[in-house]
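J.:
In my numbering, the protein residues as written are 44 to 465.
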């Protein structure tokens, strides 16, 4: 069915019930326009509601650009992944290339437009479903490119190039394998610039990490219904400098914000890879037969953790009680210490009182001494009585009995006759 003069590249094994079209037959079956984009026009195919045909105009391109497009398209028929648009046939005809693919009537761009019109946010579930499927497709492409498949398959990730299935459950990447740099014009570049990674804007470099940046911009747009404007009218070299961080304050969901913080990173090698993102979002496929056992294990672990938590709470309660008792004790000690100065004052008065009494006794002893001197100047006949009185008075003074000393001093020494009678 391939006409002469046309160049056809087709997959090794055609999909069931999908013929290999001749160029004339394909022209006759071209129907209504489904979409128009940077790289060409997409038509429906009469008689094949599940197929579409993309027409790419090569006029105005140099031989090098045309060869680059051919090389990229050569890898497409062998691709097979649920997240990548299925390519069935590629036909070249004098300045035109026709690409037969599966048909999807809705794009992510249209979905965003509908939500903006209704002012209704895209659900987190839909956003994460898209991220999971697109990341899986990017990881697959990375594996194909790294397995000696020749020239890496290039992506142009943006909402217009993400197609949605009729049931709204599946997302696929389209517009692969075309040399976008050769097909873009100044006007079309403005629409793709917001999705281009810093290294592409600064140094015209592209890598799988650049596709991850584009995915991050799409996720931001889904989460906020606004396309991010990181440049804000400035040149990339003025914005993307060391220490740059995106403003994610408009992103409400914490998990999506965490993903964006790890994707919208200035250095390509520091970005989350497609495989790493898949691992974050993929739920393990557990056989039903193992669910009961795993449930029992998880239930036991949960009860163990609950018991450990209760034990820890009990220990915390005891520690709190002990801390309260110690706090009360410290408060009592502080109050006692505050009262110590008055007690010290009271204790300090006793030595002063005793010192005053000693001073008084010394004065009395001095008075006594003076009287002794007077007595010693009297008659010698009374000297024995005086000596006896002095000895007795000294013994009484040593007892600190001030009253007895006073009585003795007032009475003076007894007469000799009285003494002898006593």
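For each residue, glycine too, the CB sits at the ideal point set by N, CA and C.
Around the Cβ of residue 176, are there at least 16 other Cβ atoms within 10 angstroms (buried) or fewer (exposed)?
T.: Position 133 of the chain shown, counted from the first residue, corresponds to residue 176. Buried, by the Cβ-count rule.
J.: Skipping 5 residues on each side, what residues in its chain have a beta carbon closer than 7 Å to that of residue 282?
T.: Residue mapping note: residue 282 aligns to position 239 of the chain shown, counting from 1. Excluding positions up to five away in sequence, the list reads 273, 274.
J.: Give the range of the beta strand (DSSP E) segment to which residue 278 is assigned.
T.: Mapped onto the chain shown, residue 278 falls at position 235. Here residue 278 belongs to no beta strand (DSSP E), and DSSP marks it neither H nor E.
J.: Count Cβ pairs between the segment 142 to 155 and the segment 105 to 115 that sit closer than 8 Å; are there 3 or more?
T.: With a cut-off of 8 Å, the segment 105 to 115 and the segment 142 to 155 do not count as touching, because too few Cβ pairs lie within range.
J.: Whole-angstrom Cβ separation of residue 139 and residue 98, contact assumed at under 8 Å?
T.: One-based indexing of the chain shown puts residue 139 at position 96. One-based indexing of the chain shown puts residue 98 at position 55. So it is a contact: roughly 6 Å between Cβ atoms.
J.: Does residue 214 come out as helix, strand or coil in the three-state DSSP assignment?
T.: On the chain shown, residue 214 is found 171 positions in, with the first residue counted as 1. In this structure, residue 214 counts as strand in the three-state DSSP scheme.
J.: Just to confirm my understanding: we take residue 109, look at its own chain, exclude 5 residues before and 5 after, and list those with CB closer than 7 Å. What are they?
T.: Position 66 of the chain shown holds residue 109. Only 101 meet the Cβ criterion.
J.: Where does residue 319 fall in DSSP's three states?
T.: To locate residue 319, count along the chain shown from 1; it is residue 276. Three-state result, residue 319: helix.
J.: Please report the straight-line C-alpha distance between residue 207 and residue 214, rounded to a whole angstrom.
T.: Translated into the one-based positions of the chain shown, residue 207 becomes position 164. Translated into the one-based positions of the chain shown, residue 214 becomes position 171. Computed Cα separation, rounded: 5 Å.
J.: Can you name, in chain order, every residue of its own chain whose Cβ lies under 6 Å from the Cβ of residue 291, other than the five neighbours on each side?
T.: Mapped onto the chain shown, residue 291 falls at position 248. The residues are 300, 303.
J.: Quick one: any contact between the segment 178 to 185 and the segment 123 to 135, if contact means 3 or more CB pairs under 8 Å?
T.: With a cut-off of 8 Å, the segment 123 to 135 and the segment 178 to 185 count as touching, because enough Cβ pairs lie within range.
J.: Apply the 10 Å Cβ neighbour rule to residue 423 and answer buried if 16 or more other Cβ atoms are within range, or exposed otherwise.
T.: In the chain shown, residue 423 corresponds to position 380, counting from 1. Here residue 423 scores only 49 on pLDDT, less than 50, and its place in the model is too uncertain to base an answer on.
J.: Leaving aside the five residues before and after residue 279 along the sequence, list all residues of the same chain whose C-beta is less than 7 Å from its C-beta, in chain order.
T.: Residue mapping note: residue 279 aligns to position 236 of the chain shown, counting from 1. Once the five neighbours on either side are set aside, the close Cβ partners of residue 279 are 241, 244, 245.
J.: Between which residues of its own chain and residue 259 is the CB-CB distance below 7 Å, once the five residues before and five after are set aside?
T.: In the chain shown, counting from the first residue as 1, residue 259 sits at position 216. Once the five neighbours on either side are set aside, the close Cβ partners of residue 259 are 303, 306, 307.
J.: Jot down the residue ranges of each uninterrupted beta strand (DSSP E) in the segment 138 to 178, minimum 3 residues, whole runs only, in chain order.
T.: You should have 139 to 145.
J.: Name, in chain order, the residues that DSSP records as bridge partners for residue 205.
T.: Locating residue 205 in the chain shown gives position 162, counting from the first residue. Residue 205 is bridged to 216.
J.: What residue does the alpha helix (DSSP H) around residue 70 start on, and which one ends it?
T.: Position 27 of the chain shown, counted from the start, is the residue given in the question as residue 70. First-last of the alpha helix (DSSP H) with residue 70: 66 to 72.
J.: So the beta strand (DSSP E) residue 98 belongs to, where does it begin and stop?
T.: As a first step, residue 98 is located in the chain shown; it is residue number 55 there, counting from the start. 94 to 100 is the extent of the beta strand (DSSP E) around residue 98.
J.: State whether the segment 87 to 95 contacts the segment 69 to 77, with contact taken as three or more CB pairs (one from each stretch) at a distance under 8 Å.
T.: Taking 8 Å as the limit for Cβ pairs, the verdict is that the segment 69 to 77 does touch the segment 87 to 95.
J.: Report buried or exposed for residue 321, applying the criterion of at least 16 other Cβ atoms within 10 angstroms of its Cβ.
T.: By 1-based counting over the chain shown, the position of residue 321 is 278. That one is buried.
J.: The alpha helix (DSSP H) with residue 263 in it runs from where to where?
T.: For the purposes of this step, residue 263 is taken as residue 220 along the chain shown, with counting starting at 1. Element bounds for residue 263: 251 to 267.
J.: Specify, as a first and last residue, the run of the alpha helix (DSSP H) that residue 110 falls within.
T.: As a working note, residue 110 is residue 67 in the chain shown. Element bounds for residue 110: 106 to 117.
J.: Check each candidate in 402, 251, 362 and name the one with the smallest Cα separation from residue 187.
T.: The count along the chain shown starts at 1 and reaches residue 187 at position 144. Nearest C-alpha to residue 187: 251.
J.: Could you work out which residue in 161, 178, 441 is closest to residue 127 when comparing CA atoms only?
T.: Position 84 of the chain shown, counting from 1, holds the residue named residue 127. Per the Cα distances, 178.
J.: Looking only at DSSP bridge pairs, what is residue 86 linked to?
T.: By one-based count along the chain shown, residue 86 stands at place 43. Note: residue 86 sits in a beta bridge opposite 76, 96.
J.: May I have the straight-line CA-CA distance separating residue 294 from residue 263, to the nearest angstrom?
T.: Working through the chain shown from its first residue, we reach residue 294 at position 251. Working through the chain shown from its first residue, we reach residue 263 at position 220. About 7 Å.
J.: Rounded to whole angstroms, what is the Cα-Cα separation between residue 211 and residue 173?
T.: Looking up residue 211 in the chain shown gives position 168. Looking up residue 173 in the chain shown gives position 130. Each residue's alpha carbon lies about 10 Å from the other.
J.: Going by DSSP, what residue range makes up the alpha helix (DSSP H) through residue 302?
T.: What you label residue 302 is simply residue 259 of the chain shown in a count that begins at 1. Residues 297 to 306.
J.: So is residue 417 buried or exposed if we call it buried at 16+ other beta carbons inside 10 Å?
T.: Counting from 1 along the chain shown, the entry for residue 417 is found at position 374. By the neighbour-count rule (16 or more Cβ atoms within 10 Å), residue 417 is not buried but exposed.
J.: Which residues mark the beginning and the end of the alpha helix (DSSP H) in which residue 242 is found?
T.: Within the chain shown, numbered from 1, the residue matching residue 242 stands at position 199. Segment 241 to 246, the alpha helix (DSSP H) holding residue 242.
J.: Go ahead and pull the three-state DSSP assignment for residue 135.
T.: Your numbering for residue 135 matches position 92 in the chain shown. Looking at residue 135 - three-state DSSP - the assignment turns out to be strand.
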